[in-house]
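Quick notes on the structure that follows.
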Amino acid sequence: MVEIKNLTRFYGNIPAVKNLSFTVEDGEILGFLGPNGAGKSTTMNMITGYLPSSSGTVVVDGFDIAQQPEEVKKRIGYLPELPPLYLDMRVKEYLRFVAGIKGVKRKDVKAQIDQAMERLKLTDVQHRLIRNLSKGYKQRVGFAQALLGNPKILILDEPTVGLDPSQVAQVRQLILDLKKDHTIIFSSHILSEVSAVCERVVIINKGEIKAIDTIENLENSIQANLSLSITVEGDKAKVEQLIQTVPGVVAIKSAEYIKTGTHTFTVEIRDDSVRKAILAKLIEADCSVVSVNTSKMSLEEVFLKLTAQNTGKKSLEEIFDEIGEDMDRKESKAAAERENKTPAEGEK
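This note's numbering numbers the first residue of the sequence shown as 368 and each following residue consecutively.
Below, the structure written as C-alpha cells:
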C-alpha cells in the first residue's frame, strides 16, 4: 500500500504541489491525470524519493520515505517520463548494470533480465547500443529497468510515450498482467489509456487534487450532467439562441458544420427532461431536427471540466516562463546599453 498525506512541494514561495492526500491499495492500478504543468511529475518524484517534499509524508508498505528511504526505494520500480538510459551501453549490459545498482542477488540477475526482456520484446535487440534504438525501443528499455528487483510498487510516468499503436496495446496488456504481482501508479495524459487499465483515478490541476474516484463514478458525476448531440437544419445563430433559452441547458460546447444550413450541436444538459424541452422548442420554431443522441459525460469531458482554466491564476510553468522572458529582456537591454556606451576619457 502507498499512503500519501498532505504532500507539498514549494519552489521558493511558489507551490508546485499543495496538500495532496490519497492511498493506493495493494494490487490496484491508480491513474494519475492532469494537464501539463499540473504537478504530476513533481508528485511522482517525491513518492519515489528523487525529490524531497517541503512537507507531508509518503509511506510505502509501512516505511516512511523521509525516515527509511532505502527501504522505500527497494520496493519501488520507477519509469520516469524520460527514462534514465546510458546510450553508450548495450541493452543487456545496461540492464545488468541497473540490476547491480538495485542489489539484485547475483544468482537472480540473469533470470530477471531475461524475463524483463521477454516481457518488453527486447530479446532481439539485447546486444544493440541503446543509442541506436528507436524512441519506442528506448522506452521499452526504460520500462524493463523498472521491473528489475521485483518491486512491489511500479510508478509509470507516461509509459506509452513514443510507442506505435501495436506497442501501446502490448504495454497496456503488460500493465494489466503486472497487476497480479504489483501495485501500480500510472500517470498519463492519454485518457483512453487510463480508462483501459485503471480502476480509480486521481485528477490533479495546479498542484491540487480535483477528484479521486472510480472512472464510472466520475463519468456519472459533474452534477450527473448529460451530453446531447443534436443535428438541426436551420440558421445556426437562431438555433443556438433557441437552445440557450431552455432551462437546464448548461452550455453549448460546440457547433459543427455539416453542410449549408445544417449543424450538429453538442450541448451539456442537466437531465433527459431538458432534451425533450429542446426538441419541443426547435419543432415549435419550425427547425428540422435530423438526429438526436444523448450520452453520459465521458472521462475526457469530466477531466476537461475539472481542469478548466477558469480561475485566472497562472501555472508554475507559466510563471517560470515569464521570469525567464523578463530576465532575457533585461539582459538584452543591458547588452545594448554596453554597446552604445561612450568610452570613458581614459579609454580613448
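C-beta: ideal position from N, C-alpha, C; glycine also.
What you are looking at is a predicted structure, and each value in this text was computed from that prediction instead of being measured.
Is residue j closer than 8 Å to residue i when the C-beta atoms are compared?
{"i": "I542", "j": "I551", "result": "yes"}
{"i": "K597", "j": "I645", "result": "In the sequence under discussion, the amino acid at residue 597 is Ile, which differs from the Lys named in the question. Yes. Within cutoff."}
{"i": "L496", "j": "A511", "result": "no"}
{"i": "V656", "j": "R637", "result": "no"}
{"i": "P436", "j": "G467", "result": "no"}
{"i": "L585", "j": "S662", "result": "no"}
{"i": "Y445", "j": "I522", "result": "yes"}
{"i": "S388", "j": "N373", "result": "yes"}
{"i": "V427", "j": "V369", "result": "yes"}
{"i": "V716", "j": "V613", "result": "In the structure displayed, the chain extends from 368 to 715; residue 716 sits before or after that span and is not available."}
{"i": "L595", "j": "V538", "result": "no"}
{"i": "E600", "j": "G628", "result": "yes"}
{"i": "I520", "j": "I443", "result": "yes"}
Identify, in the order they occur along the chain, each residue of the same chain with its Cβ nearer than 6 Å to the Cβ of residue i, setting aside the five sequence neighbours on each side.
{"i": "T674", "result": "P402, N572"}
{"i": "Y378", "result": "none"}
Helix, strand or coil for residue i, going by three-state DSSP, please let me know.
{"i": "G429", "result": "coil"}
{"i": "D481", "result": "helix"}
{"i": "N517", "result": "coil"}
{"i": "P451", "result": "coil"}
{"i": "S682", "result": "Because S682 carries a pLDDT of 40, less than 50, the predicted location of this residue cannot be relied on, and the following value inherits that uncertainty. It is coil, neither helix nor strand."}
{"i": "D653", "result": "coil"}
{"i": "G423", "result": "strand"}
{"i": "K407", "result": "helix"}
{"i": "I610", "result": "helix"}
{"i": "G470", "result": "coil"}
{"i": "T550", "result": "strand"}
{"i": "L418", "result": "coil"}
{"i": "D602", "result": "coil"}
{"i": "S640", "result": "helix"}
{"i": "D524", "result": "strand"}
{"i": "T629", "result": "strand"}
{"i": "I542", "result": "helix"}
{"i": "I645", "result": "helix"}
{"i": "P382", "result": "strand"}
{"i": "L530", "result": "coil"}
{"i": "L585", "result": "helix"}
Can you give me the Cβ contacts of residue i inside the same chain, cut-off strictly under 7 Å, excluding the 5 residues immediately before and after it?
{"i": "I690", "result": "Only weak support is given to the placement of I690: the predicted model assigns it a pLDDT of 44, under 50, and the value that follows is read from those uncertain coordinates. Once the five neighbours on either side are set aside, I690 has no close Cβ partner at all."}
{"i": "A622", "result": "K603, E607, H630, F632"}
{"i": "I396", "result": "I542, K546, I551, F553, V564, C565, E566"}
{"i": "F670", "result": "L400, L558, I570"}
{"i": "T409", "result": "R376, A383, V384, L418"}
{"i": "Y624", "result": "H630"}
{"i": "K469", "result": "L515, G516"}
{"i": "V391", "result": "M368, V369, L397, T550, I552"}
{"i": "S420", "result": "L374, T375, R376, M413"}
Kindly identify the DSSP beta-bridge partner or partners of residue i.
{"i": "V634", "result": "L595, I619"}
{"i": "T457", "result": "What sits at residue 457 in the sequence shown is Arg, not Thr. BP columns for R457 point to L496."}
{"i": "A578", "result": "I570"}
{"i": "I371", "result": "F389, V425"}
{"i": "G444", "result": "L521"}
{"i": "S662", "result": "S594"}
{"i": "Y504", "result": "Looking at the DSSP assignment, Y504 forms no beta bridge with any residue, so it has no partner."}
{"i": "I396", "result": "I551"}
{"i": "R376", "result": "V384"}
To which residues of the same chain is residue i closer than 8 Å at the C-beta, ignoring the five residues directly before and after it?
{"i": "D531", "result": "G503"}
{"i": "V561", "result": "G398, L400, F553, S555, V568, I582, L666"}
{"i": "N386", "result": "N373, L374, T375, G423, E575"}
{"i": "G615", "result": "I636, R637, D638, S640, V641, A644"}
{"i": "M456", "result": "F464, L496, I497"}
{"i": "K459", "result": "I480, M484, Q493, H494"}
{"i": "V535", "result": "T527, E560"}
The region 554-562 contacting the region 526-543, beta-carbon criterion three pairs below 8 Å: Taking 8 Å as the limit for Cβ pairs, the verdict is that the region 526-543 does touch the region 554-562.
Inter-stretch contact (C-beta, 8 Å, three-pair minimum) for the region 447-457 and the region 499-515: yes
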